[in-house]
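Asker:
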Amino acid sequence: MEGKCIPVIDMQKLEEDDGEQQLKRLREASEEWGCFRIVNHKIPSSLMSEMKKVVREALDLPMEIKMRNTDVIAGSGYMAPTQVNPLYEALGLYDLASSQSLRTFSSQLDLSPHQRETIEMYAEAIHELAIDLGRMLAKSMGLASDLFKGWPCQFRINKYNFTPETVGSSGVQIHTDSGFLTILQDDENVGGLEVMDKSGAFVSVDPWVGTLLVNLGDVAKAWSNGRFCNVKHRVQCKEACIRVSIASFLLGPKEEAVEAPPELVDSDNPRQFLPFTYEEYRKLRISTKLQAGEALQFVRSNP
Ligand SMILES: O=C(O)CCC(=O)C(=O)O
Ligand SMILES: [Fe+2]
12 MEGKCIPVID
22 MQKLEEDDGE
32 QQLKRLREAS
42 EEWGCFRIVN
52 HKIPSSLMSE
62 MKKVVREALD
72 LPMEIKMRNT
82 DVIAGSGYMA
92 PTQVNPLYEA
102 LGLYDLASSQ
112 SLRTFSSQLD
122 LSPHQRETIE
132 MYAEAIHELA
142 IDLGRMLAKS
152 MGLASDLFKG
162 WPCQFRINKY
172 NFTPETVGSS
182 GVQIHTDSGF
192 LTILQDDENV
202 GGLEVMDKSG
212 AFVSVDPWVG
222 TLLVNLGDVA
232 KAWSNGRFCN
242 VKHRVQCKEA
252 CIRVSIASFL
262 LGPKEEAVEA
272 PPELVDSDNP
282 RQFLPFTYEE
292 YRKLRISTKL
302 QAGEALQFVR
312 SNP
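Just so you know, we're using our numbering here: the sequence shown kicks off at 12 and counts up by one.
Structure representation (structure tokens):
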């Protein structure tokens with residue numbers, strides 16, 4: 012594990028007119044790792060830390076209140092600890108770009124006006140960042156348009172109940188994210204996240220306050236015609252401290268199918284995946300219990 016570090020992308024440099032070099036780094040990071048840290052993004056650190064405080068409060072609510080956070084699409088609501096992931100629980104919100112969904116979430120959990128406002132401000136900022144990142148990823152592949160506008164986004168607020176007895180055990184099993192991209196505000200103090208590199212070795216992702224981590228998921232792999240890596244990752248308990256993270260997922264198109272743009276398909280790079288809708292794919296992952304990207308085999312063009 013030693014010596015390996017995940018790539019770092021400077022958002023400010025990326026947005027500059029002469030950001031060619033940074034775009035190239037972005038493409039390389041997306042193809043080689045499917046994972047990178049972003050620095051110099053526009054989300055104020057004060058908003059990030061306030062949001063962290065608010066979500067901790069929400070996760071500390073009694074179980075019967077958290078259970079009111081019900082699914083909107085399969086698996087989008089509260090997830091209680093299970094046999095597979097006994098230390099893990101999560102609250103969820105679909106769709107974070109919808110003010111109605113934000114209101115429903117906050118009233119289900121009886122949040123205060125301040126808590127509501129914080130979540131709304133964070134949702135707006137993170138949604139904008141997700142769209143910006145999508146645009147840059149498309150640009151890094153030579154595609155210009157805003158391809159990801161209107162794609163739904165989901166929050167998942169994760170809590171790991173780590174104790175001295177659980178050090179060395181699993182917090183969340185190995186998986187890929189199902190959607191296009193994930194922006195993760197990982198815990199600023201408690202490590203434990205590990206991503207798999209191309210050789211199959213796990214690399215620790217150490218906390219780095221003020222920055223955000225981006226993971227590409229199964230939709231990114233299909234959309235890029237196999238070029239982008241859907242990074243496998245897991246969370247291990249390494250310290251006896253509660254760990255809290257906020258994942259924001261840019262999922263996939265709402266109604267249309269996920270498919271690689273024609274520019275990414277040619278005789279040297281034939282189409283690798285059949286068109287599929289995100290919701291179909293999500294259900295497929297859940298029903299097959301194939302959580303680490305294996306479900307993509309069912310939508311391959313030449314199985
Ligand atoms: O808690 C973390 O750092 C990772 C969470 C994660 O992988 C997820 O929510 O999909
Ligand atoms: Fe994940």
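Every residue, glycine too, gets a C-beta built ideally from N, C-alpha and C. A quick note: this is a predicted structure, and the numbers were derived from the prediction, not measured.
Have a look at E13 and S215 and give me their C-alpha separation to the nearest angstrom.
Answerer: For E13, the predicted structure reports a pLDDT of 45, less than 50, and the residue's modelled location is therefore unreliable. A value from the coordinates is still provided. Their backbone Cα atoms lie some 9 angstroms apart in a straight line.
Asker: Start and end of the beta strand (DSSP E) containing K300?
Answerer: First-last for K300: undefined, no H or E at that position.
Asker: Are there 16 or more other CB atoms within 10 angstroms of the CB of M120, so buried, or fewer, so exposed?
Answerer: The identity of residue 120 in the sequence shown is Leu, whereas the question assumes Met. L120 is buried by the Cβ-count criterion.
Asker: Between which two residues does the alpha helix (DSSP H) holding L58 run?
Answerer: First-last of the alpha helix (DSSP H) with L58: S56 to L70.
Asker: Determine, using beta carbons only, whether T288 comes closer than 8 angstroms to chain D.
Answerer: Among the protein chains of the structure shown there is no chain D, as only one such chain exists.
Asker: Assign Y105 to one of three DSSP states: helix, strand, or coil.
Answerer: In this structure, Y105 counts as strand in the three-state DSSP scheme.
Asker: Does DSSP put H52 in a helix, in a strand, or in coil?
Answerer: If DSSP states are grouped into helix, strand and coil, H52 belongs with coil.
Asker: With a cut-off of 7 angstroms, give the chain-ordered residues whose Cβ is closer than this to any heavy atom of ligand 2.
Answerer: Matched residues: H186, D188, T193, N226, H244 and A258.
Asker: Leaving out five residues on either side along the sequence, give the residues of the same chain with a beta carbon under 8 angstroms from the beta carbon of Q126.
Answerer: The answer, listed in chain order, is V65, E68, A69 and S117.
Asker: Rounded to the nearest angstrom, how far is the Cβ of I84 from that of F166, given a contact under 8 angstroms?
Answerer: That belief does not hold up - the Cβ atoms of I84 and F166 are roughly 13 angstroms apart, past 8 angstroms.
Asker: Is any heavy atom in ligand 1 found nearer than 7 angstroms to the beta carbon of N313?
Answerer: No; taking the cut-off as 7 angstroms, the Cβ of N313 has no heavy atom of ligand 1 nearer than that.
Asker: Less than 7 angstroms between the CB of V50 and some heavy atom of ligand 1, yes or no?
Answerer: Outside the cutoff, so no.
Asker: If we ignore side chains and look at the alpha-carbon of each, how far apart do Q247 and G202 end up?
Answerer: Spanning the two alpha carbons is a distance of roughly 8 angstroms.
Asker: Looking only at C-alpha atoms, which of V178, C164 and N172 sits nearest to T93?
Answerer: The candidate whose alpha carbon is nearest that of T93 is N172.
Asker: Does the distance from the C-beta atom of L5 to that of G228 stay below 8 angstroms?
Answerer: Since the first residue of the chain shown is 12 and the last is 314, residue 5 is not available in this structure.
Asker: Is the distance from the Cβ of K53 to the Cβ of L140 below 8 angstroms?
Answerer: Cβ atoms of K53 and L140: closer than 8 angstroms.
Asker: Taking its Cβ as the centre, do 16 or more other Cβ atoms sit within 10 Å of I20, making it buried, or is it exposed?
Answerer: The residue in question, I20, is buried, as its Cβ has 16 or more Cβ neighbours within 10 Å.
Asker: Go ahead and pull the three-state DSSP assignment for Q196.
Answerer: Strand at Q196.
Asker: Below 7 angstroms CB to CB, which residues in the same chain sit around L72 once its five sequence neighbours on both sides are set aside?
Answerer: Result list for L72: L120, in chain order.
Asker: Spatial neighbours of D208 within its chain, please: C-beta separation below 6 angstroms, excluding the five flanking residues on both sides.
Answerer: The answer, listed in chain order, is V214.
Asker: What's the call for P163, buried or exposed, on a 16-neighbour Cβ count within 10 Å?
Answerer: P163 comes out buried.
Asker: Alpha carbon to alpha carbon, how far is N236 from D279? Give it in angstroms, no decimals.
Answerer: Looking at the two C-alpha atoms, the distance is approximately 12 angstroms.
Asker: Do H244 and L301 have their C-beta atoms within less than 8 angstroms of each other?
Answerer: Going by C-beta atoms, H244 is not nearer than 8 angstroms to L301.
Asker: For D21, does the three-state DSSP call read helix, strand or coil?
Answerer: It is a strand residue.
Asker: Thinking just about the alpha-carbon of each residue, which of S312, F239, Q196 and E274 is nearest to the one in L44?
Answerer: Residue identity check: residue 44 is Trp in the sequence provided, not Leu. Minimum Cα distance to W44 is reached at F239.
Asker: Can you look up L140 in the DSSP assignment and give me helix, strand or coil?
Answerer: If DSSP states are grouped into helix, strand and coil, L140 belongs with the helices.
Asker: At what residues does the alpha helix (DSSP H) containing A258 begin and finish?
Answerer: First-last for A258: R254 to L261, but that is the beta strand (DSSP E), not the alpha helix (DSSP H).
Asker: Can you tell me whether L154 is buried or exposed, with buried defined as 16 or more other CB within 10 angstroms of its CB?
Answerer: It counts as exposed.
Asker: Please say whether P218 and N200 have beta carbons closer to each other than 8 angstroms?
Answerer: Yes, the Cβ-Cβ distance between N200 and P218 is below 8 angstroms.
Asker: Quick test of your reading: I49 and T222, contact by CB under 8 angstroms. State the CB separation rounded to the nearest angstrom.
Answerer: Indeed they touch by this definition, with Cβ atoms about 6 angstroms apart.
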